[in-house]
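**Student:**
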Amino acid sequence: MSINREAYFSLNKELADAGVLLVAVSKTKPVEDILALYEIGQRDFGENYVQEMVDKAAQLPKDIRWHFIGHLQTNKVKLIAPFVQLIHGVDSLKLLEEINKQGAKQGRVIDCLLQVHIAEEETKFGLDENELNELLENVSQTALANVQIIGLMGMASFSDNEEKVNSEFNRLNSIFNRHPEFKILSMGMSGDYKIALRQGSNLVRIGSLLFGERAR
Ligand SMILES: *Cc1c(COP(=O)(O)O)cnc(C)c1O
């Protein structure tokens, strides 16, 4: 276990210059690695698994901002509601209603991003644009006081085809731009963040570039 300090410093500078938030994706990595990155200045970390995030948060400094970037099951919302900074992958009204309920219990307004499906692969979660608009319409009629939808999240196809990845990010950016109320556009990972930045991303989720390759 070790972190790539040089990659962190250069990435951090590149992103700070562009006004882009870096979420360091620490899934499967030990708390020692997270702490090492924390000690050189990183505060936003992303996790995919609820129990893993809860366990790590309990062991690490309280000023870490935890981003949930995985697929969230409704029955697990209550475990992260007390402390989560931003939930990236929301794609149903049912989930939003549960986040709202748990937010109310905690006396918090929980920030969320809606996940839009832009990749070709069938397996990835998310909404198409019609479903997105439908969901937003439903939300506006439901008045969920303890959730705030502040933007969109998406994942491009796993592909070496830059043009394809570029056009998928471009599509998400166009959707984002049709919603001036949105502030955050979460797109870009280790392999494709440079393309995402060109397409208007203002939040990147980067794991292996900082923490090394993962087993899962
Ligand atoms: C794992 C993961 C990342 C980070 O992936 P890397 O390729 O390691 O940078 C980003 N976003 C999501 C949703 C992930 O699951």
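Note that the working numbering has the sequence shown beginning at 10, numbered continuously upward. Don't be surprised by glycine CBs; every beta carbon is placed ideally from N, CA and C.
1. Taking 8 Å as the cut-off, decide whether the C-beta atoms of Lys-22 and Glu-61 are in contact.
2. How many Å lie between Leu-206 and Gly-197 at the Cα?
3. Based on Cα-Cα distance, which residue from Gln-82, Gln-68 and Phe-18 lies nearest to Gln-51?
4. Given 7 Å as the limit, tell me if Gly-2 has its C-beta closer than that to any heavy atom belonging to ligand 1.
5. Look up Val-156 in the DSSP assignment and give the residues it is bridged to.
6. Given 7 Å as the limit, tell me if Asn-57 has its C-beta closer than that to any heavy atom belonging to ligand 1.
7. According to DSSP, simplified to helix, strand and coil, what is Asp-53?
8. To the nearest angstrom, how far is it from the Cα of Ser-210 to the Cα of Phe-77?
9. Within 10 angstroms of its Cβ, does Gly-28 collect 16 or more other Cβ (buried), or is it exposed?
10. Any contact between the stretch 117-135 and the stretch 88-96? By contact I mean 3 or more CB pairs, one from each, below 8 Å.
11. What is the rounded straight-line gap between the Cα of Ser-168 and the Cα of Lys-114?
12. From this set, Arg-187, Gln-208, Ile-73 and Val-40, which residue's C-alpha is nearest Phe-54's C-alpha?
13. Could you tell me the boundaries of the alpha helix (DSSP H) in which Leu-141 lies?
14. Which of the three DSSP states is assigned to Ala-33 in this structure?
15. Indicate the three-state DSSP secondary structure (helix, strand or coil) for Met-162 in the structure shown.
16. Using DSSP's beta-bridge definition, name the partner residues of Gln-124.
17. Quick one: give me the first and last residue of the alpha helix (DSSP H) that Leu-81 is part of.
18. Whole angstroms are fine: how far does the CA of Val-213 sit from the CA of Leu-31?
**Tutor:** In terms of the structure at hand:
1. no
2. 7 Å
3. Phe-18
4. No answer is possible for residue 2: it lies beyond the span of the chain, which begins at 10 and ends at 225.
5. Ile-119
6. yes
7. strand
8. 18 Å
9. exposed
10. yes
11. 42 Å
12. Ile-73
13. 138-151
14. strand
15. strand
16. Met-162
17. No alpha helix (DSSP H) contains Leu-81, which DSSP labels as neither H nor E.
18. 5 Å
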